[in-house]
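Per numbering that gives the first Met the number 0: the sequence shown = residues 0 to 317. A virtual CB, placed ideally from N, CA and C, is assigned to each residue, including glycine.
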Amino acid sequence: MKIVILDGHGLNPGDLSWEGFNKLGELKIYDRTPNDKIIERIGDAEYIITNKTPITAETMDKTKVKYIGVLATGYNVIDIEAAKERGIVVTNVPAYSTASVAQMVFGHILEICQQVGLHDSAVKAGEWENSADFCFWKKPLIELDGKVMGIIGYGRIGQAVSKVAQAFGMKVIAYSPRRKSELEDKNMRYVELEELLQASDIISLHCPLFESTKNIINKETIAKMKKSAIIINTSRGPLINEQDLAEALNSGRIYAAGVDVVSVEPIRADNPLLKAKNIYITPHIAWAPREARVRLMNIAVENLKNFLEGKPTNVVSK
Ligand code: NAD
């Protein structure tokens, strides 16, 4: 039984083991696969594992693939309708990185509000030695206690972010089309999007990318925000109209932004966010702490094992 991993490097750059997959069949691992090599590399394998390598209807028709295991939560790289029509089972890995992503949200927030990196560099460049006073700061320092955290998309990650925000003394408001009233208490209440935009000091995006959420942050929604607002996006790049965000940052219409995702990844040299003021950009790494990747690997192996044993799990092609 042949298993082909088309782009293993993202999940396992060398610090994890492929042993789990190895035990299930004859395994071939590629670090990366260019689009024009996908069909050739799959060959006659029936089980394929992909992270971001796209699997189209054509690839399905020109190979014998029966099972596609996606090494991620999002499975938009697969033509899922084509898989359904052909009876090909596609699985994903949900919820392995909830804590890591929530942590990255606060990585960005604390960088913006505390500026550890900036001050560390300044001290090492001699600015403290040469300071007339016992301390100095180069950018406004912002206390989170009492501020309002607006969370768009109150699912797993949104709720994890809410817990940390409340630990910092923040009040949480959330916008989600499906409300679970049992999640509301004195520190968290659901509001309409309009109120969230107006009342939040920090807005963090945690809704999936759908046609309806694409560009949810744009010129019009930004116009409703406080001038001191901070936007954090660890969800998906296209949730933000990047030109509009860059203009808002450059004109001081909002204060700052932190993003782990952009509309086209890897980021393009002409992405307007690269030159925008007061923005912090990380290269889609919220999911990547080793602990989360170990979890991802284990669930992905279980998914294939369960499929082979006739009781598939995390199937997204139903
Ligand atoms: P989830 O499914 O648990 O939560 C998503 C929430 O968004 C749900 O509560 C849903 O009701 C809500 N929602 C749906 N449509 C909405 C809309 N129109 N407006 C507002 N809310 C809406 O998903 P999750 O595990 O919390 O993940 C959230 C997102 O995080 C994923 O879609 C993924 O894109 C992203 N993610 C990013 C990384 C990373 O490394 N940066 C890692 C994992 C996940």
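Original post:
Near Ala-255, what residues of its chain come up, given a Cβ to Cβ distance below 6 Å and the 5 sequence neighbours on each side ignored?
Top reply: For Ala-255, where only same-chain residues beyond five positions count, the Cβ hits under 6 Å are Ile-111, Ile-229, Asn-277.
**OP:** Output yes or no for whether 8 Å exceeds the beta carbon distance between Val-88 and Lys-51.
**Re:** no
Original post:
Could you check where the beta strand (DSSP E) with Glu-25 kicks off and where it finishes?
Top reply: 25-28
Original post:
Does DSSP put Ser-161 in a helix, a strand or coil?
Top reply: helix
Original post:
Looking at Ser-180 and the ligand NAD, is the gap between the Cβ and the nearest heavy atom below 7 Å?
Top reply: no
Original post:
Between the Cα of Val-293 and the Cα atoms of Ile-4, Leu-15, Leu-5, Gly-9, which residue gives the shortest distance?
Top reply: Leu-15
Original post:
For the beta strand (DSSP E) that Met-148 lies in, which residues bound it at each end?
Top reply: Taken as a continuous stretch (DSSP letters only), the beta strand (DSSP E) holding Met-148 covers 147-151.
**OP:** Specify whether the region 293-310 and the region 19-34 touch according to this definition: at least 3 beta carbon pairs, one from each stretch, less than 8 Å apart.
**Re:** yes
**OP:** Count the other C-beta atoms from every protein chain shown that fall within 10 angstroms of the C-beta of Gly-68, then say buried if there are 16 or more, exposed otherwise.
**Re:** Buried: at least 16 other Cβ atoms inside 10 Å.
Subject >> Bounding residues of the alpha helix (DSSP H) (the contiguous stretch that carries Ile-38) >> reply: 37-41
Original post:
Cα separation between Thr-312 and Ser-250?
Top reply: Distance between Thr-312 and Ser-250, taken at the CA atoms: about 49 Å.
**OP:** Compute the beta-carbon to beta-carbon distance between Leu-248 and Val-261, rounded to the nearest angstrom, for a pair I have assumed lies under 8 Å.
**Re:** So it is not a contact: roughly 14 Å between Cβ atoms.
Subject >> Beta-carbon contacts of Leu-26 that lie in its chain and below 6 Å, excluding the five residues immediately before and after >> reply: Ile-2, Phe-20
Subject >> Check: Arg-235 C-beta below 7 Å from any heavy atom of the ligand NAD >> reply: yes
Subject >> Residue of Phe-306, Leu-143, Arg-235 minimising C-alpha distance to Ala-285 >> reply: Arg-235
Original post:
If you drop the 5 nearest sequence neighbours on each side, which residues of the same chain put their C-beta closer than 6 Å to that of Lys-146?
Top reply: Met-169, Asp-200
Original post:
In the DSSP assignment, what are the bridge partners of Arg-188?
Top reply: Ile-172
**OP:** Could you tell me if the beta carbon of Asp-259 falls within a distance shorter than 7 Å of some heavy atom in the ligand NAD?
**Re:** Flag set: Cβ of Asp-259 near the ligand NAD.
Subject >> Limits of the unbroken beta strand (DSSP E) element including Lys-318 >> reply: Outside the displayed range of the chain (0 to 317) lies residue 318, so it cannot be described from this structure.
Original post:
Between the region 191-200 and the region 216-225, do three or more beta carbon pairs fall short of 8 Å?
Top reply: yes
Subject >> Cβ distance (whole Å) where Ala-101 is taken to contact Val-160 below 8 Å >> reply: Contact flag correct, Cβ pair sits at about 5 Å.
**OP:** Tell me whether Ser-16 sits in a helix, a strand or coil according to DSSP, three-state version.
**Re:** coil
Subject >> Residue closest to Asp-144, alpha-carbon to alpha-carbon, out of Val-163, Ala-291, Gly-154, Ser-203 >> reply: Val-163
Subject >> Check: Tyr-189 C-beta below 7 Å from any heavy atom of the ligand NAD >> reply: no
**OP:** Measure the alpha-carbon distance for Asp-43 versus Ile-37 and round it to whole angstroms.
**Re:** 12 Å
Subject >> Burial state of Phe-135, where buried means 16 or more other Cβ atoms lie within 10 Å >> reply: exposed
**OP:** Could you tell me whether any non-hydrogen atom of the ligand NAD is closer than 7 Å to the CB of Ile-231?
**Re:** no
Original post:
Going by other Cβ atoms of all chains shown within 10 Å of its Cβ, with 16 needed for buried, is Gly-86 buried or exposed?
Top reply: Under the 10 Å beta carbon count, Gly-86 is surrounded by fewer than 16 other beta carbons and is classified as exposed.
Subject >> Which of helix, strand or coil DSSP assigns to Leu-208 >> reply: Note: Leu-208 maps to coil in three-state DSSP.
Original post:
Can the beta-carbon of Asn-217 be found closer than 8 Å to that of Asp-243?
Top reply: The criterion of a C-beta distance shorter than 8 Å is satisfied by Asn-217 and Asp-243.
Original post:
Under the three-state reduction of DSSP, which class applies to Ala-256: helix, strand or coil?
Top reply: strand
**OP:** Take Val-64 as the anchor and find which of Ile-48, Asn-214, Met-148 has the nearest alpha-carbon.
**Re:** When the alpha-carbon of Val-64 is set against those of Ile-48, Asn-214, Met-148, the nearest one is in Ile-48.
Original post:
From the DSSP output, which residues share a beta bridge with Ile-111?
Top reply: According to DSSP, Ile-111 bridges with nothing at all.
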